[in-house]
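Residue 591 in the UniProt record's numbering sits at position 591 of the sequence shown, and the numbers go up by one each step.
Glycine included, each C-beta is placed from N, C-alpha and C at the ideal position.
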Amino acid sequence: MEDEIEKENKECSNLNDEEMDEKMGEEMERKNDEKENLLIEKNTLWSDLHISKPLLKVLYELKFENPTYIQKDVIPLALEGKSILANSETGSGKTLAFVLPMLERLLYSPNIKLRRENRKSICITKALVLLPTRELAMQCYEVINNLIKYSPITCSLFCGGIDSKEQENEYKKKKDIFVCTPGRILDLLLNSSNDFINFLEIVIFDEADKLLELGFKEECLKILDVCKFKKQILFFSATLTKDIKELANFSLRNPIFIQSENKNKDNKSKENINTQINKNFKSFKISENLHQEFLNIINEKYRKATLLHLCNEVYKKNCIIFFKTRKETHLMYILLKLLNFKCEELHGLLTQKKRVESILKFKNQQVDFLLCTELASRGIDIDHIKYVINYSLPANVVKYVHRIGRTARIGKEGTSCTFFLPKEKENVKKIIKGVKKNNSSKIYKRVISEEKILHWDSIVKKNKKKMKEILENENVEKEIEKSNISINKIKNLITFKDEIYNRPKKTWFISSKEKSKLRKMNFKNEILKPEGNLDKDGDKTKERIKSNKDDDDDNRGKKHSNDNIKKRNKNKRKLDDQEDDEEEEDMKKKLKSYRSIIRDLKLNILPNKKDKNNKSKWNKKNEDENDHKGDFKIHKNFNKNKRNMNKGRK
Numbered sequence: 001m002e003d004e005i006e007k008e009n010k011e012c013s014n015l016n017d018e019e020m021d022e023k024m025g026e027e028m029e030r031k032n033d034e035k036e037n038l039l040i041e042k043n044t045l046w047s048d049l050h051i052s053k054p055l056l057k058v059l060y061e062l063k064f065e066n067p068t069y070i071q072k073d074v075i076p077l078a079l080e081g082k083s084i085l086a087n088s089e090t091g092s093g094k095t096l097a098f099v100l101p102m103l104e105r106l107l108y109s110p111n112i113k114l115r116r117e118n119r120k121s122i123c124i125t126k127a128l129v130l131l132p133t134r135e136l137a138m139q140c141y142e143v144i145n146n147l148i149k150y151s152p153i154t155c156s157l158f159c160g161g162i163d164s165k166e167q168e169n170e171y172k173k174k175k176d177i178f179v180c181t182p183g184r185i186l187d188l189l190l191n192s193s194n195d196f197i198n199f200l201e202i203v204i205f206d207e208a209d210k211l212l213e214l215g216f217k218e219e220c221l222k223i224l225d226v227c228k229f230k231k232q233i234l235f236f237s238a239t240l241t242k243d244i245k246e247l248a249n250f251s252l253r254n255p256i257f258i259q260s261e262n263k264n265k266d267n268k269s270k271e272n273i274n275t276q277i278n279k280n281f282k283s284f285k286i287s288e289n290l291h292q293e294f295l296n297i298i299n300e301k302y303r304k305a306t307l308l309h310l311c312n313e314v315y316k317k318n319c320i321i322f323f324k325t326r327k328e329t330h331l332m333y334i335l336l337k338l339l340n341f342k343c344e345e346l347h348g349l350l351t352q353k354k355r356v357e358s359i360l361k362f363k364n365q366q367v368d369f370l371l372c373t374e375l376a377s378r379g380i381d382i383d384h385i386k387y388v389i390n391y392s393l394p395a396n397v398v399k400y401v402h403r404i405g406r407t408a409r410i411g412k413e414g415t416s417c418t419f420f421l422p423k424e425k426e427n428v429k430k431i432i433k434g435v436k437k438n439n440s441s442k443i444y445k446r447v448i449s450e451e452k453i454l455h456w457d458s459i460v461k462k463n464k465k466k467m468k469e470i471l472e473n474e475n476v477e478k479e480i481e482k483s484n485i486s487i488n489k490i491k492n493l494i495t496f497k498d499e500i501y502n503r504p505k506k507t508w509f510i511s512s513k514e515k516s517k518l519r520k521m522n523f524k525n526e527i528l529k530p531e532g533n534l535d536k537d538g539d540k541t542k543e544r545i546k547s548n549k550d551d552d553d554d555n556r557g558k559k560h561s562n563d564n565i566k567k568r569n570k571n572k573r574k575l576d577d578q579e580d581d582e583e584e585e586d587m588k589k590k591l592k593s594y595r596s597i598i599r600d601l602k603l604n605i606l607p608n609k610k611d612k613n614n615k616s617k618w619n620k621k622n623e624d625e626n627d628h629k630g631d632f633k634i635h636k637n638f639n640k641n642k643r644n645m646n647k648g649r650k
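Here it is in structure tokens:
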């Protein structure tokens with residue numbers, strides 16, 4: 001591994017645990033002595049960026065004395081109302097870069113001016129902030145609430161895991177800012193009468209590349225279809241991808257591309273979006289204070305033992321550990337709990353309440369380790385995170401960058417350690433190439449002695465029975481919970497039968513089945529790639545049919561009953577192939593280019609300015625469409641006959 005990396009001109013050193021810790025300690029001391037934050041622009045003040053007193057007061061209370069480079073570059077242009085695509089490293093202060101100009105513009109809007117003078121004003125939503133995960137939405141909502149402490153601006157949060165009735169009531173209040181995930185806001189738009197989208201002035205996409213991944217792409221396109229060219233649209237991301245470029249070209253008119261770096265590089269650009277993104281395509285911004293380590297695991301069975309050794313001796317506190325699956329996360333959580341490690345888990349199988357509790361415990365330093373899936377890799381900002389461990393190698397460079405970006409934020413020190421198997425060397429080389437492209441960070445290789453690994457492996461084997469018992473008990477508890485939920489549902493159906501059946505059905509933008517199919521078809525984020533695979537499937541079906549024909553020709557001398565069985569089997573296969581082809585054709589239609597998707601989606605699902613009728617009228621139109629088509633000719637002939645009768649009378 002070491003020789004291969006050296007051939008690619010990678011700076012990689014092979015160190016033991018003690019040597020690594022000594023070297024890391026020396027570098028951290030040296031950099032702390034400098035006491036200079038590379039991301040903060042100390043020559044500029046918040047007042048230089050034309051920010052109002054209510055916001056300045058909060059900033060100084062929160063001890064934000066100077067803006068970062070991305071904030072200095074974005075805020076003046078955003079205050080002018082220009083559309084922006086901003087790219088900066090993780091932990092560089094992108095949230096404040098879009099929140100401050102949004103609040104500043106709202107302070108001078110006529111409604112809020114009247115509120116400041118204690119006069120009556122109409123409630124209209126002016127700003128929409130879209131984020132990919134619940135945790136990120138809650139974090140952004142918290143930041144906005146802190147900043148509007150001394151101003152009359154209001155804010156609402158809309159995301160999954162919160163009661164839909166509460167969200168509907170909050171939605172009807174029409175507060176100034178909506179912070180939301182795309183799925184929930186579209187759900188509210190489709191199933192309520194409030195039409196706020198036509199009054200919007202600012203639309204913000206934070207972690208834009210994650211939003212454009214499958215599952216959120218279609219929702220974002222539908223929202224942008226209504227908002228484009230009329231509002232100020234801001235895109236923020238630490239990584240630039242092809243999807244962001246296409247969406248920016250589709251939705252932004254004369255946008256400005258901003259890419260800010262630290263003062264040593266002194267490289268910021270505000271040029272044409274196409275030229276700049278082509279130059280910086282697939283660029284990944286990483287902090288210079290981040291020490292990246294790679295650890296080669298000889299065998300898969302020693303993976304748990306290596307993690308336990310690192311947690312016990314090297315990364316003892318303030319550590320976040322990323323896993324590939326929810327099951328893997330939960331198993332390691334049980335094992336660490338059995339060995340008396342202070343830890344919490346964070347993944348999609350947990351309820352919203354438990355997810356919030358685990359984040360708060362880690363934030364308040366009640367827990368040393370946070371075990372999580374890809375869920376926590378985006379935007380989560382916790383000051384005291386010093387270490388990030390990748391239990392398995394990330395699928396690509398983008399995921400790697402966002403995972404390790406949880407540490408070394410805003411000029412602080414941090415360390416990341418990534419596990420990999422010998423067969424994954426090529427993927428490691430690709431990740432290192434992508435990281436080293438626009439960054440001058442050092443990469444190390446950590447080595448652990450066999451004795452330590454074998455010691456922890458024996459401890460893992462001893463606790464296997466206990467882990468199985470805990471999992472069995474959990475499964476029993478889950479089954480009991482499911483049965484209780486089903487009993488409560490039946491009771492509610494009996495007691496509130498009339499209310500439930502009279503309630504109108506919810507309309508969904510994309511069903512869960514459609515989403516799962518789209519995920520499978522677009523596994524590698526290549527929109528039209530499945531078309532090539534369909535041809536292969538078609539060839540396979542042809543080969544099957546040919547092989548069946550050859551078998552029939554060879555077996556003509558056999559009994560008539562065997563021939564009938566073969567014919568039946570052949571007909572079954574043909575029917576199965578036809579069904580598969582129909583499904584694939586349906587999926588092809590959904591995987592068209594951006595403009596064709598929007599053309600298909602223009603079914604007045606969202607209420608526009610022109611369509612002010614109720615949804616019930618629109619649904620009646622769709623239901624009775626066939627009846628109107630059949631009766632059109634009769635009405636036309638009837639009108640002609642009526643005219644002839646009138647002429648005869650005259």
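Contact set for residue i: own chain, Cβ-Cβ below 6 Å, skip 5 residues either direction
i, result
"residue 352", "161"
"residue 487", "none"
"residue 216", "182"
"residue 204", "98, 129, 234"
"residue 57", "150"
"residue 224", "251"
"residue 265", "Below a pLDDT of 50, predicted positions are generally treated as unreliable, and residue 265, at 45, falls in that range; no measurement from the model is reported."
"residue 90", "238, 405"
Chain-order list of residues whose beta-carbon lies under 8 Å from that of residue i (same chain, five-residue window excluded)
i, result
"residue 201", "105, 109, 126, 127, 231, 232"
"residue 427", "393, 420"
"residue 332", "304, 307, 321, 323, 371, 391"
"residue 380", "135, 136, 139, 359, 406"
"residue 244", "85, 208, 209, 212, 235, 237, 277"
"residue 120", "114"
Distance between residue j and residue i (C-alpha atoms, nearest Å)
i, j, result
"residue 402", "residue 492", "44 Å"
"residue 320", "residue 101", "32 Å"
"residue 416", "residue 118", "52 Å"
"residue 303", "residue 391", "8 Å"
"residue 451", "residue 47", "59 Å"
"residue 242", "residue 371", "31 Å"
"residue 479", "residue 489", "15 Å"
"residue 103", "residue 75", "11 Å"
"residue 305", "residue 350", "26 Å"
"residue 448", "residue 312", "13 Å"
"residue 299", "residue 369", "24 Å"
"residue 154", "residue 176", "5 Å"
"residue 152", "residue 453", "58 Å"
"residue 383", "residue 365", "11 Å"
"residue 172", "residue 163", "15 Å"
"residue 291", "residue 310", "16 Å"
"residue 143", "residue 236", "16 Å"
"residue 329", "residue 72", "40 Å"
"residue 167", "residue 346", "24 Å"
"residue 286", "residue 441", "8 Å"
"residue 240", "residue 246", "11 Å"
"residue 445", "residue 256", "40 Å"
"residue 206", "residue 95", "8 Å"
"residue 158", "residue 422", "45 Å"
Contacting residues, own chain, Cβ-Cβ under 7 Å from residue i (five flanking each side not counted)
i, result
"residue 124", "111, 174, 199"
"residue 52", "104, 107"
"residue 219", "182, 183, 186, 509"
"residue 424", "393"
"residue 504", "none"
Cβ separation of residue i and residue j, assumed to be a contact under 8 Å, to the nearest whole Å
i, j, result
"residue 238", "residue 88", "7 Å"
"residue 411", "residue 40", "7 Å"
"residue 179", "residue 140", "5 Å"
"residue 460", "residue 435", "Contact doesn't hold; Cβ gap of about 32 Å is too wide."
"residue 654", "residue 335", "Any answer about residue 654 is impossible in this case: the structure gives the chain only from 1 up to 650."
"residue 367", "residue 342", "5 Å"
"residue 338", "residue 466", "6 Å"
- Query: Counting Cβ pairs closer than 8 Å, one from the stretch 128 to 136 and one from the stretch 72 to 86, do we hit at least three?
  - Reply: Two segments are said to touch when three or more pairs of C-beta atoms, one from each, lie closer than 8 Å; by this definition the stretch 128 to 136 does not touch the stretch 72 to 86.
- Whole alpha helix (DSSP H) runs in the stretch 81 to 122 with 4 or more residues, listed along the chain? The qualifying runs are 94 to 107, 110 to 116.
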